[in-house]
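Novice: If you're matching positions, the sequence shown starts at 1375 in my numbering and goes up one per residue.
All residues carry an ideal CB built from backbone N, CA and C; glycine is no exception.
Below is a structure I'd like to ask you about.
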Amino acid sequence: MKKYRPLDFSGVSTYPLATRKNKMNVKDDFALPVRPGMTVADLLAAMPNQLGSQSLNRVIDAVVAARRKGKPVVMAMGGHVIKCGLQPVLKSLIEAGVVTAVALNGAGSIHDFEIALIGATSEDVGAVLHAGNFGMAEETGSQINEALKKGVAQGMGHGESLGSMILERELPYREQSLMATCVKNGIPVTVHVAIGTDITHQHPSADGAVLGAASFTDFRTFASVVSELGDGGVYLNIGSAVLLPEVFLKALSIAQNLGHHVDHFTTANFDMQQHYRPLTNVVKRPTSGESRGYTVTGHHEIMIPLLAAGILDRI
């Protein structure tokens, strides 16, 4: 076996610290002091110009710029965002004319409907699964499936069908519904389902043809929205790890295939941890041209109100 002798470091060359390029400096990147009574703008400006806080501020800037240019600002959200009770925050962005389109997965639409109906949602799955009762609430299945059948017959998609039903039936907590807010304000709300993933698919009232037609209509509407993202639009994926990033990638491909120039836009992924598909299909691949992609990691119930407050403050 070869025996190694300690390496002699005496001949190592060095250089003056003043000549080195650095990734951060006190003048441009340090946080500012935090004081009582700070405004939202003050707080955001006080954050260090580094990593997550830098990304958050740049996303806010992109959204504000998109609004001024009249470009789409799309929020695509998983179910957890909705059952965290963030609808009032999201509603404020819609009513301010900031968010111009909303996309949900099936779970998001179900939580939103249940909140509109009874002011509560999110059952204890573990407590009822082995009794065969998980997802079997009668009103959730029957009313959602009924609304979809009616809406499809009128040429509506999944999101518009449910939002319209919530408003027409004057459900008790309709003011808290994101889908109803979208329909009321005339912006697209699309719902993208995978058959078998949602509790309403378990009910005897479920109709696969209706589900497919409703979600396919929404996919086509969503693709239309995505086709206009170029030259200043913003696409935010919030809390969807698989389904909506895949839907976004396909919609983007269709838009490009049909001749729409979708470049020079901004994407961001907000989530509690960064997953493969949002990073790849939202942040990286779509922005490989002249676009920008950001990641912001944190709990939705903290980051989304902060994002919304920053946007509303700057406009």
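With DSSP run on the structure shown, which of helix, strand or coil describes Thr1661?
Specialist: Within the sequence shown, the letter at position 287 stands for residue 1661. Helix, per DSSP.
Novice: Got a sec: does the ligand MN put a non-hydrogen atom nearer than 7 Å to the Cβ of Gln1648?
Specialist: Of ligands this structure carries none, so the ligand MN is not represented either.
Novice: Run through the DSSP bridge pairs and tell me what Phe1644 is partnered with.
Specialist: Reading the sequence shown from its first residue, position 270 is the one you call residue 1644. The partner list for Phe1644 (beta bridge, DSSP) reads Ile1612 and Val1670.
Novice: If we count Cβ pairs, one from each stretch, closer than 8 Å, do we get three or more for the region 1623-1631 versus the region 1643-1650?
Specialist: No, the region 1623-1631 is not in contact with the region 1643-1650.
Novice: For Asn1611, count neighbouring Cβ atoms within 10 angstroms of its own Cβ and tell me buried if that reaches 16, exposed if not.
Specialist: Position 237 of the sequence shown, counting from 1, holds the residue named residue 1611. Burial call: buried.
Novice: Is Val1448 helix, strand or coil by DSSP?
Specialist: Residue mapping note: residue 1448 aligns to position 74 of the sequence shown, counting from 1. Val1448: strand per DSSP, three-state reduction.
Novice: DSSP three-state call for Leu1603: helix, strand or coil?
Specialist: Taking the first residue of the sequence shown as 1, we reach residue 1603 at position 229. Of the three classes helix, strand and coil, the one that applies to Leu1603 here is coil, per DSSP.
Novice: Would you tell me roughly how many angstroms separate the C-alpha atoms of Leu1460 and Glu1675, rounded to the nearest one?
Specialist: Here the question's residue 1460 lines up with position 86 in the sequence shown. Here the question's residue 1675 lines up with position 301 in the sequence shown. Distance between the alpha carbons of Leu1460 and Glu1675: 7 Å.
Novice: Between Gly1560, Gly1586 and Pro1462, which lies nearest to Gly1531 when the distance is taken from Cα to Cα?
Specialist: Translated into the one-based positions of the sequence shown, residue 1531 becomes position 157. Per the Cα distances, Gly1586.
Novice: From Val1400 to Met1677, what distance separates their C-alpha atoms?
Specialist: Locating residue 1400 in the sequence shown gives position 26, counting from the first residue. Locating residue 1677 in the sequence shown gives position 303, counting from the first residue. The straight-line gap from Cα to Cα measures roughly 26 Å.
Novice: Please determine if the region 1556-1569 and the region 1492-1507 are in contact, where contact requires at least 3 C-beta pairs separated by less than 8 Å.
Specialist: Counting Cβ pairs under 8 Å, fewer than three are found: no touch.
Novice: CA-CA distance, Pro1380 and Leu1391?
Specialist: Here residue 1380 corresponds to residue number 6 of the sequence shown, with the count starting at 1. Here residue 1391 corresponds to residue number 17 of the sequence shown, with the count starting at 1. For Pro1380 and Leu1391, the distance between alpha carbons rounds to 27 Å.
Novice: Output the residue ranges of the beta strand (DSSP E) runs that lie fully inside the region 1501-1560 and measure 3 residues or longer, sorted by chain position.
Specialist: Complete beta strand (DSSP E) runs here, min 3: none at all.
Novice: Does Pro1546 pass the burial test, meaning 16 or more other C-beta atoms within 10 Å, or should it be called exposed?
Specialist: Numbered from its first residue, the sequence shown carries residue 1546 at position 172. Exposed, because fewer than 16 other Cβ atoms sit within 10 Å of the Cβ of Pro1546.
Novice: Quick one, which of Lys1377, Val1433 and Met1375 has its alpha-carbon nearest Val1670's?
Specialist: Within the sequence shown, numbered from 1, the residue matching residue 1670 stands at position 296. When only C-alpha atoms are compared, the closest one is Val1433.
Novice: Since Ala1490 contacts Ile1540 with CB under 8 Å, what's their CB separation in whole angstroms?
Specialist: Along the sequence shown, one-based indexing puts residue 1490 at 116. Along the sequence shown, one-based indexing puts residue 1540 at 166. Contact holds; Cβ gap of about 5 Å.
Novice: Counting pairs of Cβ atoms below 8 Å between the region 1465-1483 and the region 1626-1638, do you hit three or more?
Specialist: No, they do not touch.
Novice: Measuring CB atoms only, is the region 1446-1461 touching the region 1421-1435, in the sense that at least three cross pairs come out at less than 8 Å?
Specialist: Not touching, per the Cβ criterion.
Novice: So Ile1518 packs on Leu1536, CB below 8 Å; how close in whole Å?
Specialist: Here the question's residue 1518 lines up with position 144 in the sequence shown. Here the question's residue 1536 lines up with position 162 in the sequence shown. About 7 Å; that satisfies the 8 Å criterion.
Novice: When the distance is taken between beta carbons, is Val1414 closer than 8 Å to Arg1441?
Specialist: As a working note, residue 1441 is residue 67 in the sequence shown. As a working note, residue 1414 is residue 40 in the sequence shown. Going by C-beta atoms, Arg1441 is not nearer than 8 Å to Val1414.
Novice: From the DSSP output, in three-state form, read off Asn1631 for me.
Specialist: Within the sequence shown, the letter at position 257 stands for residue 1631. Note: Asn1631 maps to helix in three-state DSSP.
Novice: So what's Val1476 in DSSP terms, helix, strand or just coil?
Specialist: Along the sequence shown, read from residue 1 onward, the residue named residue 1476 stands at position 102. Residue state, collapsed to three classes: strand.
Novice: The alpha helix (DSSP H) spanning Val1414 covers which residue range?
Specialist: By 1-based counting over the sequence shown, the position of residue 1414 is 40. Val1414 to Ala1420 is the extent of the alpha helix (DSSP H) around Val1414.
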